[in-house]
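Per the numbering used here, the sequence shown starts with residue 43, numbered consecutively.
So the structure is just underneath, and the comments pick up after that.
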Amino acid sequence: MSEKTKKIVYWFFTLWLSLGMVSTAIVQLMKLPEEVEKINQLGYPTYFLTLLGIWKLLGVVAVLIPKFVLLKEWAYAGFFFAMSGAAISHIACGHPFGEIFPSVLLLALTVISWHLRPANRRV
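Below is the structure:
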């Protein structure tokens, strides 16, 4: 894969990841009744929605801005732990695949974006 193609693919997946994280963060920060019910079903307190929403927004900023490569690594790690934790929590509660899939998709986007990041965005 050429460097130009790799860069285009990186930005495609990174923007898709960012859109997914921002949209889920907004829903979590709004504390919609269905989100509150879901987080409580998983055994987490409602205030966890605020933490996740803020962390996701800060993570997106860290991933998108230039420089601060160590901060980017932490943001990717946070995305990885949040999304793998969400998927495992849904699985442990016996939820159907339709409820597990969004977490798995964002987890995959996180790994792909991290793997394809350009040299100037690596530690």
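No residue lacks a Cβ here, since even glycine has one placed at the ideal position from N, Cα and C.
Point to revise | Euclidean distance between Cα positions of W116 and T152 | key: 12 Å
Practice item. With DSSP collapsed to three states, give me the class of T88. Key: coil
**Study point:** Start and end residues, alpha helix (DSSP H) containing S60
**Key:** 45-72
Practice item. Evaluate contact between the segment 81-96 and the segment 55-62, counting only Cβ atoms and requiring at least three cross-stretch pairs below 8 Å. Key: no
Exercise for review: Quick one: using the 10 Å Cβ neighbour count with 16 as the cut-off for buried, is F121 buried or exposed?
Suggested key: buried
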